Structure formats: C-alpha cells, structure tokens
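Sequential numbering from 1 applies to the sequence shown in full-length UniProt numbering. Backbone N, C-alpha and C define an ideal beta-carbon position, used for all residues, glycine too. These figures come from a predicted structure and were not determined experimentally. Structure first, then comments.
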Amino acid sequence: MQTKELIALIENGGLDSRFAALYGESAVAAQRERYTDAVREFSSLFGADREVRLFSVPGRSEISGNHTDHNRGCVIAAAVDLDIIAVASANGDGRVTVKSKGFPADTVDCHPGEPDEKLFYTSGSLLSGVCAGFEKRGYRVGGYDAYTTSNVLKGSGISSSAAFEVMIGTVMNHLYNDAVITAPVIAEIAQYAENVYFGKPSGLMDQTACAVGGFSFIDFADPKAAKIEKLGFDLSRAGYSLCITNTGGNHADLNDDYASVPAEMKAVAEEFGRGVLRGLTVKELLARAGELREKVGDRAILRAFHFIRENERVMGQAEALKRGDIGSFLRGVRASGESSFMYLQNVYTTKNVREQGLSLALAVTDYALSGTERTSAWRVHGGGFAGTVQAFVPDENVDGYKSGMEAVFGAGSCAVLKVRPEGCTAVL
1 MQTKELIALI
11 ENGGLDSRFA
21 ALYGESAVAA
31 QRERYTDAVR
41 EFSSLFGADR
51 EVRLFSVPGR
61 SEISGNHTDH
71 NRGCVIAAAV
81 DLDIIAVASA
91 NGDGRVTVKS
101 KGFPADTVDC
111 HPGEPDEKLF
121 YTSGSLLSGV
131 CAGFEKRGYR
141 VGGYDAYTTS
151 NVLKGSGISS
161 SAAFEVMIGT
171 VMNHLYNDAV
181 ITAPVIAEIA
191 QYAENVYFGK
201 PSGLMDQTAC
211 AVGGFSFIDF
221 ADPKAAKIEK
231 LGFDLSRAGY
241 SLCITNTGGN
251 HADLNDDYAS
261 VPAEMKAVAE
271 EFGRGVLRGL
281 TVKELLARAG
291 ELREKVGDRA
301 ILRAFHFIRE
311 NERVMGQAEA
321 LKRGDIGSFL
331 RGVRASGESS
341 FMYLQNVYTT
351 KNVREQGLSL
361 ALAVTDYALS
371 GTERTSAWRV
381 HGGGFAGTVQ
391 AFVPDENVDG
401 YKSGMEAVFG
411 AGSCAVLKVR
421 PEGCTAVL
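So this is what it looks like as structure tokens:
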C-alpha cells in the first residue's frame with residue numbers, strides 16, 4: 001500500500017482493531033496519530049510513491065532471575081506495551097537504510113563483510129550484523145528503507161537496543177523471507193549482531209523477550225541452545241499493572257560492580273570444579289562455607305546462595321504463571337527482591353553509599369503499598385546498583401503508587417506498563 005493510501009486508512013480507523021490489540025482500546029487515538037506521523041516522515045524521506053509495510057517490536061522487562069543468566073540459569077522476561085515501530089519498503093538496490101527519529105540515518109550494504117572494530121558500538125554495525133546473521137543461516141537478504149520511532153524508555157531497563165535489533169530482523173523477515181523465520185531465531189540473529197558486529201557481549205534474554213512477546217521462560221543450561229517457553233498468562237486480565245520507576249542517579253563507574261557478580265559466582269563454582277554454578281545445591285555450598293570464607297570471601301558465598309535459590313524460584317514462578325496462580329508468582333517476586341538486596345547485594349554500590357536511589361525506591365514502594373503485601377510485589381529491576389525498580393501493582397492502587405513514587409523521583413519517573421502478548425509483528 002502506498003503512503004498516501006495508508007495514511008487515509010489509518011485516519012479512517014482501518015487499523016483501529018490492530019492498534020487496540022497491541023496497545024489497548026484507550027491508546028487507539030494516540031497510536032493513529034503516531035503511525036500517521038511515522039508514515040508521513042517516511043514519505044518525506046524516501047518518497048510518497050513507495051509501497052510500505054508497518055512493523056512493531058515491544059520493549060521488555062526482566063521479571064525474575066536476577067543475575068542468573070551468566071551462570072547458565074533460568075529467567076522470566078516479558079514484553080511490554082512500549083515499542084519501536086517502523087515504516088519500511090524494499091528498495092532493490094542492495095542497501096539497508098534506517099532513519100530513526102532523533103538520529104542520523106545509517107546505510108549499509110546488505111551483503112556485509114567481516115566485523116569492523118572501528119564500527120563497534122554504532123547502530124550501523126547492528127544493521128550489518130543482522131544482515132550477516134541472515135546470510136550465515138542461509139536466509140535471503142535485500143535492500144530496504146525504513147523510518148523508525150520508539151517510545152521504549154532509554155535508561156529504564158526496557159532494552160531499547162534489543163528492540164531495535166529485532167526490528168531490523170523483523171523487517172528483513174517479512175520483506176524478503178515471506179515471514180517464515182520464527183521469533184526465537186530472529187532473537188538469535190539479533191544477539192549475533194550485538195555480540196559479533198556491535199562488539200558487546202550479551203545474553204539472549206533481551207532479544208528473546210522482545211521477539212516472542214508475553215511472558216517468556218528461558219533456560220540457559222545449554223547457552224548455545226537456550227530453551228524458550230512462552231507462558232500464557234494475562235497480567236491485565238488478572239487486574240495488575242507493571243510499574244517501572246527510574247531512580248536516576250549516576251551510572252558511571254559501575255562496570256566493576258557489574259563484573260564482580262559473575263566473577264564472584266564463578267569463583268565459588270571453580271572451588272567445586274565447575275565452570276558455572278548451575279547444578280550446585282545449597283546443601284553442597286553450605287557444607288563447605290567455612291573453608292570458602294577464606295578462599296573466596298563471604299560476599300561470593302552469599303551471591304552463590306542467591307543464584308541457587310533464585311534459579312529454583314524462577315522455575316517455580318514459571319509453573320505458577322502456567323497455572324494462573326498469581327499469588328505464588330507474586331510471592332516469588334518479593335522473595336527475589338529480598339534475595340537481591342540481602343544476598344546478591346546489587347541494590348547500591350559501595351563506592352558511593354551516599355547515593356542509594358534503588359534502596360530509597362524500594363523503601364517508598366514498601367510504604368506506598370503497605371497493606372497490599374499479599375496482592376502486590378516489588379524488586380530491583382535488571383542489573384542493579386543504579387537504575388530502576390519494578391512493582392506489580394493491583395490496578396486500583398496504581399494511581400496512588402505512581403504519585404507517591406513521582407513525588408520522590410520526579411514527574412514521569414514511574415512508567416505504568418502492561419505486558420504485551422504479541423512480540424515482533426507486522427502491523428500491516
């Protein structure tokens with residue numbers, strides 16, 4: 001469909017049912033405007049006579065499994081109703097050009113050469129990496145032009161970079177591969193692009209959650225062939241919202257803090273002749289805790305304790321979601337948060353104890369949701385040390401919770417989200 005026809009279709013409500021399915025009935029009018037603006041921008045950049053398609057990829061939230069993936073553990077993640085959208089059209093010239101709102105356009109050959117370290121950490125390298133990943137697996141590639149715009153919050157642990165990578169693959173899948181490539185494979189290609197062409201080591205959780213949609217259980221026992229299961233639980237139907245509060249603060253110089261977590265866990269594993277902690281039991285750990293104190297230190301033991309219990313917890317929460325047991329799931333969320341604070345110890349950095357935004361946010365949440373402990377839950381969100389906290393809040397308590405958090409952390413700091421059932425998709 002050409003851009004002018006598509007704009008008329010959207011403005012006349014032709015995609016309202018699609019928007020309602022992706023964003024909810026209350027967001028339809030805003031999404032009409034958002035999509036028509038994107039189509040107009042594509043038209044001005046690439047021409048009004050182009051045949052175009054529309055695509056959407058959600059952001060994601062880590063739900064459970066705090067710092068478990070790097071020791072071959074399990075995680076639960078979920079797609080959320082913030083997304084990146086793209087207006088795209090095949091161009092036939094063998095080049096992929098992507099213009100994202102607020103950023104310069106990137107153009108790459110769809111048959112890229114080897115990774116170039118000079119291009120690491122650039123968005124263009126992600127385009128090349130996705131193309132290379134498609135070719136490596138024997139899929140077709142071709143040139144296309146795309147305009148993207150995103151409301152996935154940067155710095156809020158919602159993973160805007162993974163959503164972008166998955167989008168590049170989603171467009172290539174639909175324009176040149178008849179949409180036959182499954183969402184988990186697109187996620188693997190996106191991870192390949194980030195690891196090999198972008199130069200950033202990453203697990204598969206972010207890309208998988210964005211691509212698959214809904215709640216996803218991911219088991220990294222075999223890191224080369226992670227097991228992925230989509231959990232059919234509807235958080236909105238259960239009457240809950242997912243609230244993510246950005247506490248701000250300075251994220252600089254936290255690399256050592258992040259790196260210390262897998263390093264200390266693996267130091268414990270090595271004492272048992274293992275490469276990772278997966279498979280070690282609490283009984284085995286505590287039986288040698290006395291000698292381990294001298295060899296690896298108390299914090300490493302505590303972090304190993306967290307990993308073992310957290311991994312068990314994730315599997316239990318996955319089963320709870322499958323049977324629709326929200327109470328058991330929420331108890332797991334609270335236990336995960338307590339373990340992260342007490343044992344994993346990733347809620348603040350010891351380099352700057354004056355700044356403890358996550359601790360404060362958890363305290364404010366504890367107070368704001370007092371009396372709802374049996375029906376709500378909260379925890380640190382993501383890697384920790386700074387950044388965001390997560391809360392599952394009954395819908396009737398959301399307004400009060402949001403105002404309480406924003407009174408401390410500023411207007412707009414608390415995002416109220418829904419879990420989106422659909423992952424990477426063609427809107428039209």
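Segment contact, 8 Å Cβ cut-off, at least three pairs: the segment 297-305 with the segment 251-267: yes
Residues near A287 in its chain [Cβ-Cβ closer than 8 Å; skip 5 each side]: For the purposes of this step, residue 287 is taken as residue 287 along the sequence shown, with counting starting at 1. The answer is none, since no qualifying residue turns up.
Quick one, which of S17, G94 and R40 has its alpha-carbon nearest residue 434's? Coverage of the chain is limited to positions 1 through 428, which leaves residue 434 absent and any answer about it impossible.
Taking the C-alpha atoms as reference points, what is the distance between S413 and Y401? Translated into positions along the sequence shown, residue 413 becomes position 413. Translated into positions along the sequence shown, residue 401 becomes position 401. Using only the alpha carbons, I get a separation of about 12 Å.
Whose C-beta lies closer than 7 Å to the C-beta of A20 among residues of the same chain, with five residues either side of it excluded? Counting from 1 along the sequence shown, the entry for residue 20 is found at position 20. Cβ within range, chain order: V28.
Alpha-carbon to alpha-carbon, V141 and D37: As a first step, residue 37 must be located in the sequence shown, where it is residue number 37. As a first step, residue 141 must be located in the sequence shown, where it is residue number 141. Approximately 28 Å, taken between the alpha carbons.
Whole-number beta carbon distance between V80 and S56, since they are thought to touch under 8 Å: As a first step, residue 56 is located in the sequence shown; it is residue number 56 there, counting from the start. As a first step, residue 80 is located in the sequence shown; it is residue number 80 there, counting from the start. Incorrect: roughly 12 Å between the Cβ atoms, too far for contact.
D325 versus L82: straight-line alpha-carbon distance, rounded: Taking the first residue of the sequence shown as 1, we reach residue 325 at position 325. Taking the first residue of the sequence shown as 1, we reach residue 82 at position 82. Cα-Cα distance, rounded: 26 Å.
Let me make sure I understand the geometry here. Which of R137, A48, L175 and H67 has the alpha-carbon closest to that of G94? By 1-based counting over the sequence shown, the position of residue 94 is 94. Closest by alpha carbon: L175.
Apply the 10 Å Cβ neighbour rule to N255 and answer buried if 16 or more other Cβ atoms are within range, or exposed otherwise. Within the sequence shown, the letter at position 255 stands for residue 255. Exposed, since its Cβ has fewer than 16 Cβ neighbours within 10 Å.
Along the chain, where does the beta strand (DSSP E) containing E62 start, and where does it finish? As a working mapping, residue 62 is identified with position 62 in the sequence shown. Element bounds for E62: R53 to S64.
Please look up how many angstroms separate the CB atoms of A132 and Y35, rounded, as I've assumed it's under 8 Å. Reading the sequence shown from its first residue, position 132 is the one you call residue 132. Reading the sequence shown from its first residue, position 35 is the one you call residue 35. Their Cβ separation, rounded to whole angstroms, is 30 Å, which puts A132 and Y35 out of contact at 8 Å.
When you compare each of A407, R299, R237 and E312 to residue 462 by their alpha carbons, which one comes out closest? In the structure as shown, the chain starts at 1 and stops at 428, and residue 462 therefore has no counterpart that could be examined.
Would you kindly report the start and end of the unbroken beta strand (DSSP E) that includes C414? As a first step, residue 414 must be located in the sequence shown, where it is residue number 414. Residues C414 to L417.
Since V393 and C210 are thought to touch, with beta carbons under 8 Å apart, how far apart are those beta carbons, to the nearest angstrom? Along the sequence shown, read from residue 1 onward, the residue named residue 393 stands at position 393. Along the sequence shown, read from residue 1 onward, the residue named residue 210 stands at position 210. That belief does not hold up - the Cβ atoms of V393 and C210 are roughly 23 Å apart, past 8 Å.
Between which residues of its own chain and I181 is the CB-CB distance below 7 Å, once the five residues before and five after are set aside? Taking the first residue of the sequence shown as position 1, residue 181 is located at position 181. Y139 and N173, listed in sequence order.
For R95, the residue or residues it bridges with in DSSP: Counting from one through the sequence shown, the residue named residue 95 turns up at place 95. Answer is D109, bridged to R95.
Measure the beta-carbon distance from T170 to A77 and round it to whole angstroms, keeping in mind my assumption that it falls under 8 Å. Position 170 of the sequence shown, counted from the start, is the residue given in the question as residue 170. Position 77 of the sequence shown, counted from the start, is the residue given in the question as residue 77. Not quite, the Cβ-Cβ distance comes to about 18 Å (not below 8 Å), so this is no contact.
Assuming the contact rule is C-beta atoms closer than 8 Å, D106 and S89 should be a hit. Round their C-beta distance to whole Å, please. Here residue 106 corresponds to residue number 106 of the sequence shown, with the count starting at 1. Here residue 89 corresponds to residue number 89 of the sequence shown, with the count starting at 1. About 16 Å separates the two Cβ atoms, so there is no contact after all.
According to the neighbour-count rule (16 or more other Cβ atoms, all chains shown, within 10 Å of its Cβ), is D206 buried or exposed? Counting from 1 along the sequence shown, the entry for residue 206 is found at position 206. With 16 or more Cβ atoms within 10 Å of its Cβ, D206 is classed as buried.
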